[in-house]
Amino acid sequence: MKACVQPNGDPLRRRFRVLTRRCCVTPAFRPIPVALLSGDLLTDKIAIVTGAGRGIGEGIARKLSEEGATVVCADVNEADAGNVASSLAHGAIGARLDVSNSGACDALVNDVQARFNRLDVLVNNAGINRDAMLHKMTDEQWQQVIAVDLSGVFYMTRAASRIMRAAGRGRIVNISSASWMGNIGQANYAAAKAGVVGLSRTAAKELARSQVTVNAICPGFIDTQMTRGIPDTIREQQVAKIPLGRMGQPADVAAVVAFLASDEAGYVTGEVI
1034 MKACVQPNGD
1044 PLRRRFRVLT
1054 RRCCVTPAFR
1064 PIPVALLSGD
1074 LLTDKIAIVT
1084 GAGRGIGEGI
1094 ARKLSEEGAT
1104 VVCADVNEAD
1114 AGNVASSLAH
1124 GAIGARLDVS
1134 NSGACDALVN
1144 DVQARFNRLD
1154 VLVNNAGINR
1164 DAMLHKMTDE
1174 QWQQVIAVDL
1184 SGVFYMTRAA
1194 SRIMRAAGRG
1204 RIVNISSASW
1214 MGNIGQANYA
1224 AAKAGVVGLS
1234 RTAAKELARS
1244 QVTVNAICPG
1254 FIDTQMTRGI
1264 PDTIREQQVA
1274 KIPLGRMGQP
1284 ADVAAVVAFL
1294 ASDEAGYVTG
1304 EVI
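Numbering (this note's numbering), first residue to last: 1034 to 1306.
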């Protein structure tokens, strides 16, 4: 079989090789920012992390501190918040906070603004669960979870947005859950976490003009004090469903939070990860 030839005599396959080489001259990706490699993503930033006394919140607080932020570790358990803060650098402080109390949320945010004259990052992580089948769930179980897991996110986001809008900058990261799509025995928790997704996307649209980004993270099965109380058989069943074959660690979530809280994520908003 004769080779196909262009009018100028070049075989098509030779022409294709030339074009391919030309297309590959310019790299397709920009260099990785130095900050992503050096551990100083959040130098001089002021951050509030709710539910920072243990679990995912503690992991987030530690990661933000490692990246250079001054972290306000807020938790309903003041002792836990203080213990975490005392182990961090950059002048971290602990504070007692019941996020279901709107006045307390306003007071904490205002105190941080008065002390540091800025608030760069808010991570809404505080949450509880009160699991029960729908037909057995009490009003109290429903209301407790909604008050902390959804209303608490709203109260803190509202308070922080006032400061961030005035400053023309800010990062808000809300911790939702993979359960937002529905989970047996968690009607209250799933409803609250779905609400966090809707709240995050709405806030992202409202605050974008002020250069304030809002994103949500939906962790799956994470190894925390809460999940360690689950019977081994159920834990094994859950892990078997995970493609990576292991439970997530608080550090896995914290790494994503640190990026979304940084200047490098300035064009990421309204996303659910």
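All C-beta atoms, glycine included, are put in the ideal place defined by N, C-alpha and C.
- Query: Taking Cβ to Cβ, would you say Ala-1112 is nearer than 8 Å to Ala-1085?
  - Reply: On the sequence shown, position 79 is the one that residue 1112 refers to. On the sequence shown, position 52 is the one that residue 1085 refers to. No.
- For the alpha helix (DSSP H) containing Ile-1275, list its first residue and its last residue. Within the sequence shown, the letter at position 242 stands for residue 1275. In this chain, Ile-1275 is not harboured by any alpha helix (DSSP H), its DSSP state being neither H nor E.
- Item | For Leu-1121 and Asp-1172, the rounded distance between their alpha carbons | Your numbering for residue 1172 matches position 139 in the sequence shown. Your numbering for residue 1121 matches position 88 in the sequence shown. Each residue's alpha carbon lies about 39 Å from the other.
- Task: Look up Gly-1127 in the DSSP assignment and give the residues it is bridged to.
- Result: Position 94 of the sequence shown, counting from 1, holds the residue named residue 1127. Gly-1127 is bridged to Cys-1106.
- Are the CB atoms of Ile-1093 and Val-1286 nearer to each other than 8 Å? Sequence index remark: in the sequence shown, residue 1093 carries index 60 (1-based). Sequence index remark: in the sequence shown, residue 1286 carries index 253 (1-based). Yes.
- Item | Own chain, CB closer than 8 Å to Asn-1344, minus 5 neighbours either side, in chain order | Not covered by the structure: residue 1344. The range shown for the chain is 1034 to 1306.
- Query: Roughly how many whole angstroms lie between the Cα atoms of Val-1105 and Ala-1080?
  - Reply: Residue 1105 sits at position 72 when you count from the first residue of the sequence shown. Residue 1080 sits at position 47 when you count from the first residue of the sequence shown. The alpha-carbon atoms of Val-1105 and Ala-1080 are separated by roughly 6 Å.
- Task: Go ahead and label Arg-1095 buried or exposed: buried means 16 or more other beta carbons lie within 10 angstroms of its beta carbon, across all protein chains shown.
- Result: Here residue 1095 is taken as the residue at index 62 of the sequence shown, counted from 1. Arg-1095 sits buried, since 16 or more C-beta atoms from the chains shown fall within 10 Å of its C-beta.
- Item | For Val-1286, three-class secondary structure by DSSP | By one-based count along the sequence shown, residue 1286 stands at place 253. In the structure shown, Val-1286 sits in a helix (DSSP, three-state: H, G or I).
- the segment 1180-1199 touching the segment 1151-1162, judged by at least three CB pairs closer than 8 Å: yes
- Measure the alpha-carbon distance for Arg-1202 versus Thr-1266 and round it to whole angstroms. Position 169 of the sequence shown, counted from the start, is the residue given in the question as residue 1202. Position 233 of the sequence shown, counted from the start, is the residue given in the question as residue 1266. Going from the Cα of Arg-1202 to the Cα of Thr-1266 covers about 47 Å.
- Query: CB Val-1181 to CB Tyr-1222, shorter than 8 Å?
  - Reply: Sequence index remark: in the sequence shown, residue 1181 carries index 148 (1-based). Sequence index remark: in the sequence shown, residue 1222 carries index 189 (1-based). No, they are not a contact pair.
- Item | Counted within 10 angstroms of its Cβ, other Cβ atoms place Ala-1273 as buried (16 or more) or exposed | For the purposes of this step, residue 1273 is taken as the residue at position 240 of the sequence shown. So Ala-1273 counts as exposed.
- Between which two residues does the beta strand (DSSP E) carrying Asn-1207 extend? In the sequence shown, counting from the first residue as 1, residue 1207 sits at position 174. Asn-1207 -> beta strand (DSSP E) spans 1203-1208.
- Query: In its own chain, which residues sit with a C-beta less than 7 Å from the C-beta of Val-1067, not counting the 5 before and 5 after it?
  - Reply: Counting from one through the sequence shown, the residue named residue 1067 turns up at place 34. In this prediction, Val-1067 has a pLDDT of 49, which is less than 50 and means its spatial position is unreliable; nothing more can be read from the coordinates.
- Tell me, which residues are paired with Ile-1079 by DSSP? Taking the first residue of the sequence shown as 1, we reach residue 1079 at position 46. Ile-1079 is bridged to Thr-1103.
- Item | CA-to-CA distance, His-1168 to Glu-1100, given in whole angstroms | For the purposes of this step, residue 1100 is taken as residue 67 along the sequence shown, with counting starting at 1. For the purposes of this step, residue 1168 is taken as residue 135 along the sequence shown, with counting starting at 1. Spanning the two alpha carbons is a distance of roughly 46 Å.
- How is Val-1316 classed by DSSP in three states: helix, strand or coil? Residue 1316 cannot be examined here, being either before or after the span of the chain that is shown, 1034 to 1306.
- Is DSSP giving Gly-1262 helix, strand or coil here? Taking the sequence shown and counting its residues from 1, the one referred to as residue 1262 is at position 229. Looking at Gly-1262 - three-state DSSP - the assignment turns out to be coil, as it is neither helix nor strand.
- Item | Contact belief for Ile-1208 with Pro-1252 at Cβ below 8 Å, rounded distance in angstroms | For the purposes of this step, residue 1208 is taken as the residue at position 175 of the sequence shown. For the purposes of this step, residue 1252 is taken as the residue at position 219 of the sequence shown. Right, the Cβ-Cβ distance comes to about 7 Å (below 8 Å), so this counts as a contact.
- Using the Cα positions of Ala-1306 and Gly-1262, report the straight-line distance between them to the nearest angstrom. Here residue 1306 refers to the residue found at position 273 when the sequence shown is read from its first residue. Here residue 1262 refers to the residue found at position 229 when the sequence shown is read from its first residue. The residue asked about is misnamed: residue 1306 is Ile in this sequence, not Ala. So the alpha carbons of these two residues sit roughly 26 Å apart.
- Message: According to DSSP, simplified to helix, strand and coil, what is Asn-1157?
- Response: As a working mapping, residue 1157 is identified with position 124 in the sequence shown. In the structure shown, Asn-1157 sits in a strand (DSSP, three-state: E or B).
- For Gly-1228, which residues from the same chain have a beta carbon less than 6 Å from its beta carbon, with the 5 sequence-adjacent residues on both sides left out? To locate residue 1228, count along the sequence shown from 1; it is residue 195. Cβ neighbours of Gly-1228 beyond the five flanking positions: Leu-1183.
- Assuming Ser-1233 and Val-1247 make a contact with CB atoms under 8 Å, what is their CB distance in whole Å? Sequence index remark: in the sequence shown, residue 1233 carries index 200 (1-based). Sequence index remark: in the sequence shown, residue 1247 carries index 214 (1-based). Under the criterion of beta carbons closer than 8 Å, Ser-1233 and Val-1247 qualify as touching, at roughly 5 Å.
- Message: For a quick check, are the C-beta atoms of Met-1259 and Ala-1220 less than 8 Å apart?
- Response: Indexing the sequence shown from 1 puts residue 1259 at position 226. Indexing the sequence shown from 1 puts residue 1220 at position 187. For Met-1259 and Ala-1220, no; Cβs fall outside 8 Å.
- Query: Tell me which same chain residues have a C-beta within less than 8 Å of the C-beta of Gly-1299, skipping the five on either side of it?
  - Reply: Residue mapping note: residue 1299 aligns to position 266 of the sequence shown, counting from 1. So the qualifying residues of the chain are Gln-1244 and Thr-1246.
- Just how far apart, CA to CA, sit Thr-1059 and Gln-1176? Translated into positions along the sequence shown, residue 1059 becomes position 26. Translated into positions along the sequence shown, residue 1176 becomes position 143. Reliability of the predicted coordinates at Thr-1059 is poor, the pLDDT of 38 falling under 50, and no value is obtained from them.
- Message: Could you tell me the alpha carbon to alpha carbon distance between His-1123 and Glu-1091, rounded to whole angstroms?
- Response: Within the sequence shown, the letter at position 90 stands for residue 1123. Within the sequence shown, the letter at position 58 stands for residue 1091. Each residue's Cα considered, the two are about 16 Å apart.
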